[in-house]
Amino acid sequence: MKFNQEYWVTELPKPLTYIPIIELAIPGSHDSFSYTITPYSKIGPDASRLVKYLNLMFGPIMRRFVYKWSITQTCNIQHQLCLGIRYFDLRMATKINDTNFYTVHALYGDPVMKELINIKTFLMSHTKEILILDFQHFYQFSKADHNRLLTILKSLFHNMICPKTYPVEKLNLNIMRTNSWQMIIIYRHNIQDDMFWPSSYWPTPWPQTTTYKYLIQFLESGLKQRKPNTGYVTQCLFTPDVKFILRYFYLNLQTCCLPLNNLIPKWIINQKSGNKHGVNVIIADFINMNGFNFCDIVIQLNYKHLITKKNCLNSVFGMTLTEHALELIDDDSVFLIQCHERRIIQIVGSRGDIYTIMETVNFCTCDFFKYQVLTDKSLCCKHFLAAKVALILKSFKVKSETPGSLTSIMISAYGNQEFD
Ligand SMILES: [Zn+2]
1 MKFNQEYWVT ELPKPLTYIP IIELAIPGSH DSFSYTITPY SKIGPDASRL VKYLNLMFGP
61 IMRRFVYKWS ITQTCNIQHQ LCLGIRYFDL RMATKINDTN FYTVHALYGD PVMKELINIK
121 TFLMSHTKEI LILDFQHFYQ FSKADHNRLL TILKSLFHNM ICPKTYPVEK LNLNIMRTNS
181 WQMIIIYRHN IQDDMFWPSS YWPTPWPQTT TYKYLIQFLE SGLKQRKPNT GYVTQCLFTP
241 DVKFILRYFY LNLQTCCLPL NNLIPKWIIN QKSGNKHGVN VIIADFINMN GFNFCDIVIQ
301 LNYKHLITKK NCLNSVFGMT LTEHALELID DDSVFLIQCH ERRIIQIVGS RGDIYTIMET
361 VNFCTCDFFK YQVLTDKSLC CKHFLAAKVA LILKSFKVKS ETPGSLTSIM ISAYGNQEFD
C-alpha cells in the first residue's frame, strides 16, 4: 500500500483516530538532526575519550573520520516530515560562551532552533498532523540551560503542546485535534513541568549491537516486556563500537547500515501495533536510503487494526452490511441525542431520511428492517449496526435535547408504525 506520506496522519481512517497514540505505529528517525554535521564540525562533548584523544593528536583528519560514523540521517527536517517521519530523536549540547543549543553526535551540528522553527512551520500548514519530539540526551547542560530550553520550547510551540497531565493510555488523535494539540515533547531529564513528558512514559531500549540476529532477539524480547500503559520506541539500528569502527575504518555508518535496512522491513511488516506487546514508535538510520520504504511499511501497520476489526464484523454481519454501516460512520451520519440519562441515536441516510435507533433494542423503521430483519434474512439493518459500532468507537456527533423534545422524536419515529 502506498500512502500520501506528507499527510498520513490526516488521512488515517476515522476509527484509527480513536485508538490511543501509544497503540499506533509511528515512523521515527534516529539522531534526527545529525544531517547538519559536516566534516569540518568540532568534536562534541559526547564523543568518547578515545575520539577526544585522537582529535588532539590528529586534528582535522580525525574529525573527517569521526564524521563518517556520526551521520545517521542525510535528509533535512522538511524532507523527513514529507516522507512521514513523526518522531524526532534529539541530542543537544551547549558551547562555552554561546547561548545557542546545538545538535550533537560525537561532532557538533547546527543550532537546533532553526530546525525547530521548520517543524513549527510544517505543523501550522498541516493542522491535522501530529508529532513527537524526544529530547534524549543533554551534554554540557546546567540547570539554567535546561530552564532556558524549556522556556524557548514553550514560547515557540505554545498551545500546540499536549501536556503530560492528560492520561497517556487515553490520548488519541481525536482528543489531540479537539484541543488543537499537535505535539508531544518527551524530555528525558529530571524536571517538573506539566508540559513535558518524562522518560518513563516512552521507554526506548537501546540494542547496542552490530549483529542482525542479536538485534531481532533484543527487539522481540523488549516488546514482550512492554508495559500496556506507556508508549514504546523500537530502535531498528546498528551501533558500531570502537572495536568495530577501527576494524572497518575505511567504511562509514551508512555502508554498515545497508544490510540492516535491506533486512529489517521483513521484520517490521510482520509486527502489529498496539500496547499488548505490539510496536509504537519505530526508528531507523538513513530513513531515505534507496529502496528502503521505511515510512510506508511502518504506517501500514496501523491498517491492521482496521482489517482485524472489519473482518470480525464481516464474518458476523456480511460484507455489504458492514461496508454500508461503516460508510455511515465515516460520513458523520451518526448523531447521539441525549437528555440527562436518556439517549437515542439518529442516523441520517444518504437521501436525508432520519432513522431513530434505541440503544438496546434491535429495531429500525427502514424497509430493510421490515423485509430482511423481521423475516430472519438478516440480523439487523445498517442503521442499527452503524449505531452500535459508532457507540463503541465513540464516533458520533452529540445533540442535547429537552425531555419533551426527546419524547416527541420517539413518538414521531415510532408512533405510527404499522406492520403488514
Ligand atoms: Zn434501518
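Going by UniProt numbering, the sequence shown opens with residue 1, and the numbers climb by one from there.
Ideal Cβ placement from N, Cα and C applies to all residues, glycine included.
Note that the structure is a prediction, hence the values are computed from the model and not measured.
Per-residue DSSP class, three states only, for residue i
| i | result |
| --- | --- |
| aspartate 420 | Annotation note: pLDDT 49 at aspartate 420 (below 50); position unreliable, coordinate value reported separately. Three-state DSSP puts aspartate 420 in coil, outside helix and strand. |
| leucine 24 | coil |
| asparagine 174 | helix |
| arginine 247 | helix |
| valine 66 | helix |
| cysteine 295 | helix |
| leucine 237 | coil |
| arginine 342 | strand |
| serine 221 | helix |
| valine 112 | coil |
| histidine 189 | coil |
| valine 389 | helix |
| tryptophan 181 | coil |
| residue 488 | With the chain running from 1 to 420 in the structure shown, residue 488 is simply not present. |
| lysine 370 | helix |
| glutamine 136 | strand |
| serine 29 | strand |
Buried versus exposed call for residue i [16 or more other C-beta atoms within 10 Å across all chains shown]
| i | result |
| --- | --- |
| proline 228 | exposed |
| histidine 340 | exposed |
| glycine 291 | exposed |
| glutamate 115 | buried |
| proline 15 | buried |
| alanine 144 | exposed |
| methionine 289 | buried |
| glutamine 192 | exposed |
| glutamine 80 | buried |
| tyrosine 371 | exposed |
| aspartate 420 | At aspartate 420 the pLDDT is 49, less than 50, meaning the model places this residue with poor confidence and gives no usable figure here. |
| glutamine 225 | exposed |
| tyrosine 355 | buried |
| asparagine 159 | exposed |
| serine 395 | buried |
| glutamine 78 | exposed |
| aspartate 241 | exposed |
| isoleucine 269 | exposed |
| asparagine 190 | exposed |
| asparagine 97 | exposed |
| leucine 329 | Here the sequence assigns isoleucine to residue 329, which means leucine is not the residue at that position. Isoleucine 329 is buried by the Cβ-count criterion. |
Residue i vs residue j beta-carbon contact at 9 Å
| i | j | result |
| --- | --- | --- |
| serine 70 | leucine 107 | yes |
| tyrosine 87 | proline 163 | no |
| valine 281 | isoleucine 132 | yes |
| alanine 387 | valine 334 | yes |
| threonine 99 | phenylalanine 33 | no |
| glycine 222 | valine 168 | no |
| isoleucine 37 | phenylalanine 101 | no |
| glutamine 136 | cysteine 82 | no |
| glycine 349 | cysteine 366 | yes |
| aspartate 285 | leucine 215 | no |
| isoleucine 283 | histidine 105 | no |
| alanine 325 | leucine 336 | no |
| leucine 301 | lysine 276 | no |
| isoleucine 345 | glutamate 359 | yes |
| lysine 128 | valine 316 | no |
| tyrosine 139 | glycine 44 | yes |
Inter-residue Cα distance where the pair is residue i and residue j
| i | j | result |
| --- | --- | --- |
| isoleucine 161 | isoleucine 130 | 10 Å |
| phenylalanine 218 | proline 207 | 6 Å |
| glutamate 23 | isoleucine 184 | 15 Å |
| lysine 304 | alanine 25 | 10 Å |
| serine 400 | isoleucine 307 | 34 Å |
| cysteine 257 | threonine 74 | 13 Å |
| proline 60 | lysine 42 | 9 Å |
| residue 423 | cysteine 381 | What is shown of the chain runs 1 to 420, which leaves residue 423 out entirely. |
| tryptophan 202 | aspartate 296 | 23 Å |
| lysine 95 | aspartate 46 | 12 Å |
| residue 422 | lysine 377 | Coverage of the chain is limited to positions 1 through 420, which leaves residue 422 absent and any answer about it impossible. |
| asparagine 172 | threonine 17 | 6 Å |
| phenylalanine 363 | tryptophan 181 | 40 Å |
| threonine 239 | threonine 121 | 33 Å |
N- and C-terminal bounds of the alpha helix (DSSP H) containing residue i
| i | result |
| --- | --- |
| valine 316 | 303 to 317 |
| phenylalanine 157 | 143 to 157 |
| isoleucine 268 | 253 to 269 |
| isoleucine 77 | 77 to 83 |
Start and end residues, beta strand (DSSP E) containing residue i
| i | result |
| --- | --- |
| histidine 105 | 101 to 105 |
| isoleucine 411 | From DSSP, isoleucine 411 is part of no beta strand (DSSP E) but of the alpha helix (DSSP H) over 403 to 414. |
| valine 398 | 397 to 400 |
| phenylalanine 88 | 87 to 94 |
| isoleucine 357 | 354 to 358 |
is_contact[residue i, chain D] using C-beta, thresh 9 Å
| i | result |
| --- | --- |
| lysine 224 | In summary, chain D is missing from the structure at hand, where a single protein chain is found. |
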